[in-house]
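Asks:
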Amino acid sequence: MPQARSRRSYREVLHEIALGEYGLVSTRDAADEGIPIVELRKLAARGALERVGYGVYRDPTVPPSDLDQYALAVRLVGDDAYLMGESVLARHNLALVNPSRITVGTPHRVSKTLPPVVHAIRRNLPDGVLTVEDGIAQTTVAQAIIDCMDTVMSDRLRDAIGAAGRAGLLTRLEQGALRARFARRDAKMHG
1 MPQARSRRSY
11 REVLHEIALG
21 EYGLVSTRDA
31 ADEGIPIVEL
41 RKLAARGALE
51 RVGYGVYRDP
61 TVPPSDLDQY
71 ALAVRLVGDD
81 AYLMGESVLA
91 RHNLALVNPS
101 RITVGTPHRV
111 SKTLPPVVHA
121 IRRNLPDGVL
131 TVEDGIAQTT
141 VAQAIIDCMD
151 TVMSDRLRDA
161 IGAAGRAGLL
171 TRLEQGALRA
181 RFARRDAKMH
191 G
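Numbering (the UniProt record's numbering), first residue to last: 1 to 191.
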């Protein structure tokens, strides 16, 4: 009777990580598991992984999802990165926004080259307005609506407040605070 293999291959470990990360694995993920970074390059050369950015690879055997683009954008920008503004609203199908680029905030300076579809903004936000939803770091929906007050039509944002409330993305208190903020802004603008 053959003896069972006790150790998983690097490929198996990376695949397991990718399953929970929208098909993505990074050199940091590999290092955390004791996998030499050169192994990622070897797997990419054999077609088992696809290099999608600096230190980020995609496992092509993981089925794609509607959120892949957002997860990839955050991973490409780096540690402590998060979706913000219209990108948060778009990923939740709020305010009828369809930004041409995914906006990602980060407290760090970004010097690496990013794809044109990813727009990184250096911004340090308090922890209270940051969250993780479906495994993707982002600002809260309330913060995203505030961030979009000058760029998205007010009617769309007001509709987004109600839709986000019905979806459980905003509490009643948050909805009231946002509506009050709009009322104050409108009062200033009109007189």
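Note that CB positions come from ideal geometry on N, CA and C, so glycine has one too.
Predicted, not measured: the structure shown is a model, and the values here were computed from it.
Which same chain residues, not among the five before or five after Gly165, have their C-beta less than 6 Å away from its C-beta?
Replies: Within the sequence shown, numbered from 1, the residue matching residue 165 stands at position 165. The residues are Gln175.
Asks: Give the secondary structure of Gly105 by DSSP, where H, G and I count as helix, E and B as strand, and everything else as coil.
Replies: Within the sequence shown, numbered from 1, the residue matching residue 105 stands at position 105. Reduced to three states, the DSSP call for Gly105 is strand.
Asks: Output needed for Leu142: all residues of its chain with C-beta closer than 7 Å, excluding positions within five of it in sequence on either side, in chain order.
Replies: Counted from its first residue, the sequence shown places residue 142 at position 142. In the sequence as displayed, the identity of residue 142 is Ala instead of Leu. These residues qualify, in order along the chain: Leu170, Glu174 and Leu178.
Asks: By Cβ distance below 6 Å, which residues in the same chain neighbour Tyr22 in space, the five residues on each side in sequence not counted?
Replies: For the purposes of this step, residue 22 is identified with residue 22 of the sequence shown, where counting begins at 1. Result list for Tyr22: Asp68 and Ala71, in chain order.
Asks: Does DSSP put His15 in a helix, a strand or coil?
Replies: The count along the sequence shown starts at 1 and reaches residue 15 at position 15. In this structure, His15 counts as helix in the three-state DSSP scheme.
Asks: Opposite Gly20 in the DSSP bridges: which residues?
Replies: Looking up residue 20 in the sequence shown gives position 20. For Gly20, which the question treats as bridged, DSSP gives no partner whatsoever.
Asks: If I follow the unbroken alpha helix (DSSP H) through Glu86, where does it start and stop?
Replies: As a working mapping, residue 86 is identified with position 86 in the sequence shown. Glu86 -> alpha helix (DSSP H) spans Glu86 to Arg91.
Asks: Using three-state DSSP, classify Ser111 as helix, strand or coil.
Replies: Taking the first residue of the sequence shown as position 1, residue 111 is located at position 111. Three-state result, Ser111: coil.
Asks: Are residue 193 and Ile145 closer than 8 Å when you measure CB to CB?
Replies: Since the first and last residues shown for the chain are 1 and 191, residue 193 lies out of range.
Asks: Does the Cβ-Cβ distance between Val118 and Leu76 come in under 8 Å?
Replies: Working through the sequence shown from its first residue, we reach residue 118 at position 118. Working through the sequence shown from its first residue, we reach residue 76 at position 76. The answer is yes: Cβ separation under 8 Å.
Asks: For Ser9, is the classification buried or exposed, using 16 other Cβ atoms within 10 angstroms of its Cβ as the cut-off for buried?
Replies: For the purposes of this step, residue 9 is taken as the residue at position 9 of the sequence shown. The residue in question, Ser9, is exposed, as its Cβ has fewer than 16 Cβ neighbours within 10 Å.
Asks: Mapping the DSSP letters down to three states, classify Ile136 as helix, strand or coil.
Replies: The residue labelled residue 136 in the question sits at position 136 within the sequence shown. Of the three classes helix, strand and coil, the one that applies to Ile136 here is strand, per DSSP.
Asks: How long is the line joining the alpha carbons of Thr106 and Ala90, rounded to whole angstroms?
Replies: Within the sequence shown, the letter at position 106 stands for residue 106. Within the sequence shown, the letter at position 90 stands for residue 90. Roughly 19 Å separates the two Cα atoms.
Asks: With a threshold of 8 Å, are at least 3 pairs of Cβ atoms found where one atom belongs to the segment 37–45 and the other to the segment 84–104?
Replies: Verdict: no, contact absent.
Asks: From Val152, Glu39, Gly34 and Val25, pick the residue whose C-alpha is nearest to that of Asn98; which is it?
Replies: Against the sequence shown, residue 98 aligns to sequence position 98. Nearest C-alpha to Asn98: Val152.
Asks: Over the uninterrupted beta strand (DSSP E) stretch that includes Ala81, give me the two end residues.
Replies: Within the sequence shown, residue 81 is the residue found at index 81, counting from 1. Here Ala81 belongs to no beta strand (DSSP E), and DSSP marks it neither H nor E.
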